[in-house]
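Trainee:
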């Protein structure tokens with residue numbers, strides 16, 4: 001079954017410290033993509049970072065990096081030097097292909113991150 | 001700003017009514033997706049359109065329908081509204097490669 005699991009419902013981190021948000025996935029497809037989105041309390045869904053299943057290097061975007069461990073089927077998000085504005089819900093999602101070769105995103109339930117001053 | 005626009009931002013209506021949510025995708029994106037996010041069910045995929053044609057259906061109720069117009073904007077129609085339809089409705093759009101979905105700001109629907 002194709003599934004995304006985020007095991008941490010809530011996380012706390014001190015400002016300026018690094019934090020890792022866990023995401024494990026399950027798929028038998030050889031080609032897939034992994035995404036992280038941020039949803040602040042204002043409600044919008046913001047794309048953060050993408051990792052393709054064939055990418056050799058871990059993706060990085062500014063303070064965000066994706067720790068991609070293919071054999072362990074994990075795609076953890078690392079936020080370095082946390083800021084108060086990082087307090088939000090974070091969603092991991094996996095893009096797979098369904099019947100008819102259409103792309104489909106499978107979502108995790110999210111992790112709520114609170115950054116303490 | 002993702003480049004995806006949604007109107008209205010907020011909508012308050014009564015049970016049994018019908019509403020239309022509107023979405024304009026990012027320039028050049030042919031795919032439009034609709035999602036429902038409620039407190040108890042998380043983010044639920046409703047339906048996808050690609051260049052005017054329905055491509056994939058998720059957990060969309062029969063009371064809900066959508067379409068994508070020739071100018072690529074999309075509308076989600078919700079009818080016979082129930083209290084449980086109160087949620088945040090997102091539209092997202094994507095290109096083909098990369099196929100990252102970019103989300104609009106959402107429409108917060110409250111059914112009283």
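Chains as they are written, first to last, in the working numbering: chain F, 1 to 117; chain X, 1 to 112.
Built from N, CA and C at the ideal position, the CB exists for glycine as well.
Fair warning: this is a prediction, and the values are worked out from it, not measured in the lab.
1) Could you tell me which residues DSSP puts in a beta bridge with residue 102 of chain X?
2) Less than 8 Å between C-beta atoms, sequence neighbours within five positions excluded: which residues of the same chain meet that for residue 13 of chain X?
3) Taking any Cβ of chain X, which residues in the stretch 85-101 of chain F have a Cβ under 9 Å from it, in chain order?
4) Just to confirm my understanding: we take residue 27 of chain F, look at its own chain, exclude 5 residues before and 5 after, and list those with CB closer than 6 Å. What are they?
5) Examine chain F for any beta-carbon lying closer than 8 Å to the beta-carbon of residue 40 of chain X, and answer yes or no.
6) Are there 16 or more other CB atoms within 10 angstroms of the CB of residue 76 of chain F, so buried, or fewer, so exposed?
7) I want to verify the contact list: residues of chain F whose CB lies under 7 Å from the CB of residue 99 of chain X, in sequence order.
8) So the candidates are F:60, F:54, F:55; which of them puts its Cα closest to the Cα of residue 48 of chain F?
9) Along the stretch 19-51 of chain X, what residues have a CB closer than 9 Å to any CB found in chain F?
10) So residue 47 of chain X and residue 54 of chain X are in contact, right, with Cβ under 8 Å, and what is the actual spacing, rounded?
11) Could you tell me how far apart the beta carbons of residue 63 of chain F and residue 79 of chain F are, in whole angstroms, since I believe they sit closer than 8 Å?
12) Mind checking residue 114 of chain X: buried by the 16 CB within 10 Å criterion, or exposed?
13) Find the residues of chain X that neighbour residue 109 of chain F, judging by a C-beta separation of less than 7 Å, and give them in chain order.
14) Just list the beta strand (DSSP E) runs in the stretch 24-76 of chain F, keeping only unbroken ones of 3 residues or longer that don't cross its boundaries, in chain order.
Mentor: For this structure:
1) Taking the second chain and counting its residues from 1, one reaches residue 102 of chain X at position 102. Bridge partners of residue 102 of chain X: X:93.
2) Numbered from its first residue, the second chain carries residue 13 of chain X at position 13. Excluding sequence neighbours, residue 13 of chain X sits near 19, 81, 109, 110, 111, 112.
3) Here the close residues are 91, 93, 95, 98, 100.
4) Here residue 27 of chain F refers to the residue found at position 27 of the first chain. Closer than 6 Å at Cβ, skipping near neighbours: 2, 96.
5) By one-based count along the second chain, residue 40 of chain X stands at place 40. It does not; no Cβ of chain F falls within 8 Å.
6) Stepping through the first chain from its first residue, residue 76 of chain F is reached at position 76. Residue 76 of chain F should be labelled buried.
7) Looking up residue 99 of chain X in the second chain gives position 99. Contacts between residue 99 of chain X and chain F, judged by CB atoms closer than 7 Å, involve 95, 103 in chain order.
8) Locating residue 48 of chain F in the first chain gives position 48, counting from the first residue. Closest by alpha carbon: F:60.
9) The residues in question are 31, 33, 35, 37, 42, 43, 44, 45, 48, 50.
10) As a first step, residue 47 of chain X is located in the second chain; it is residue number 47 there, counting from the start. As a first step, residue 54 of chain X is located in the second chain; it is residue number 54 there, counting from the start. Taking 8 Å as the upper bound for CB-CB distance, residue 47 of chain X and residue 54 of chain X are in contact here, some 7 Å apart.
11) Translated into positions along the first chain, residue 63 of chain F becomes position 63. Translated into positions along the first chain, residue 79 of chain F becomes position 79. Residue 63 of chain F to residue 79 of chain F, Cβ: 6 Å. Contact.
12) A question about residue 114 of chain X goes unanswered here, because the residues of chain X that appear run from 1 up to 112.
13) Counting from 1 along the first chain, the entry for residue 109 of chain F is found at position 109. What residue 109 of chain F touches in chain X: 42.
14) Runs found: 24-26, 33-39, 46-52, 64-69.
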